[in-house]
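Please read the structure below before turning to the comments.
In our numbering, the protein residues as written are 76 to 373.
As structure tokens, then:
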């Protein structure tokens, strides 16, 4: 049976890649492990920008696990330039927040305040367990949730806001072969007030429950928003690494009514072309199956 390898990265679009890189390095202790640069324009169709030529530059940021864990793929779009989102979509369905764990969230909270970033100390109550975390955002408006833990800063999961938790779990289980925990009730308390509650669960690839996962949450406040362009600032898509793109496509076609054609993406002169397929989950999250890039031999 086809099986994906692991959650590879979350794509975050930024209007200023140097500024975004400094934020994640200084506040969350990530480090730059790779640079991608599309020196030449290419067809924007794979990214939903039909009829346009696109070009960008990027940074791959990792925690202490390096490429053995999920990474952040920061992209600054050059043509067309990164588009600032209109209004707020903090309550939207789909990819909602990047979730980190740190061994001293007090230090993280202080660093955010020192940098004039909005931040709140909150508590999540789930299954009778209380977990303290910092709720904030990066400089491009991407929501971040940083929980207290016992390890150096680590990028652990992506939160997905669902309209119907059962339907979303079914999608990830049947279409992508993820496993899942039993859903539980949860609530989030900030400054003495419940700001969110609902049901939640963790979904993950077999054998990778503690490595990287998705935190699916169903809340009454999550609302649909129009699909954003792929160059809109903020959290845009999640990528899953596969070994065989043809097998991945054939497997998706068993459960999805339509699957986009395979695309070849140019990452820069030092890399081979990357094969990828883009599709969406029931809540509109942009997902990507891709074959990992390899350095081109000259």
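Glycine included, each C-beta is placed from N, C-alpha and C at the ideal position. This structure is a prediction, so every number in the text was calculated from the model and none was measured.
Go to residue 245, then tell me how far its alpha helix (DSSP H) extends in each direction, as first and last residue.
-> Sequence index remark: in the chain shown, residue 245 carries index 170 (1-based). Residue 245 -> alpha helix (DSSP H) spans 240 to 249.
Could you check the C-alpha separation between residue 191 and residue 306 for me, to the nearest Å?
-> For this step, residue 191 is matched to residue 116 along the chain shown. For this step, residue 306 is matched to residue 231 along the chain shown. Each residue's Cα considered, the two are about 26 Å apart.
Would you call the CB atoms of residue 341 and residue 117 closer than 7 Å?
-> If you number the chain shown from 1, residue 341 lands on position 266. If you number the chain shown from 1, residue 117 lands on position 42. Yes, the Cβ-Cβ distance between residue 341 and residue 117 is below 7 Å.
Would you call the segment 258 to 267 and the segment 312 to 330 touching, i.e. three or more CB-CB distances under 8 Å?
-> In this structure the segment 258 to 267 does not lie against the segment 312 to 330, because fewer than three pairs of beta carbons, one per stretch, are closer than 8 Å.
Residues of its chain near residue 216, where Cβ-Cβ distance is below 7 Å and the 5 sequence neighbours each way are ignored | By one-based count along the chain shown, residue 216 stands at place 141. Correct list, in chain order: 160, 308 and 309.
Endpoints, the alpha helix (DSSP H) within which residue 188 is located | Position 113 of the chain shown holds residue 188. Segment 180 to 189, the alpha helix (DSSP H) holding residue 188.
With a CB to CB cut of under 8 Å and the five nearest residues on each side skipped, what residues in its chain are close to residue 81?
-> Position 6 of the chain shown, counting from 1, holds the residue named residue 81. 145, 280, 283, 286, 287, 315 and 316.
Under the rule that 16 or more other beta-carbon atoms within 10 Å means buried, what is residue 352, buried or exposed?
-> Taking the first residue of the chain shown as position 1, residue 352 is located at position 277. Under a 10 Å Cβ-count criterion, residue 352 is classified as buried, with 16 or more other Cβ atoms of the shown protein chains found around its own Cβ.
For the candidate residues 131, 339, 120 and 143, whose alpha-carbon lies nearest to that of residue 83?
-> Residue numbering aside, residue 83 sits at position 8 when the chain shown is read from its first letter. The option with the nearest alpha carbon to residue 83 is 143.
Taking 7 Å as the cut-off, decide whether the C-beta atoms of residue 87 and residue 147 are in contact.
-> In the chain shown, counting from the first residue as 1, residue 87 sits at position 12. In the chain shown, counting from the first residue as 1, residue 147 sits at position 72. Yes, they are a contact pair.
Please report how far the alpha carbon of residue 272 lies from the alpha carbon of residue 103, in whole angstroms.
-> Locating residue 272 in the chain shown gives position 197, where the first residue counts as 1. Locating residue 103 in the chain shown gives position 28, where the first residue counts as 1. Taken atom to atom, the span from the alpha-carbon of residue 272 to that of residue 103 is near 27 Å.
Given a cut-off of 7 Å, decide if residue 235 and residue 173 are closer than it, judged by their beta-carbon atoms.
-> For the purposes of this step, residue 173 is taken as residue 98 along the chain shown, with counting starting at 1. For the purposes of this step, residue 235 is taken as residue 160 along the chain shown, with counting starting at 1. Result no, Cβ atoms of residue 173 and residue 235 do not sit closer than 7 Å.
Using a Cβ-Cβ cut-off of 6 Å (strictly less than) and excluding sequence neighbours within five positions of residue 264, which residues of its own chain qualify?
-> For the purposes of this step, residue 264 is taken as the residue at position 189 of the chain shown. Taking residue 264 as the centre and dropping the five residues before and after it, the same chain places the C-beta of 198 closer than 6 Å to its C-beta, in chain order.
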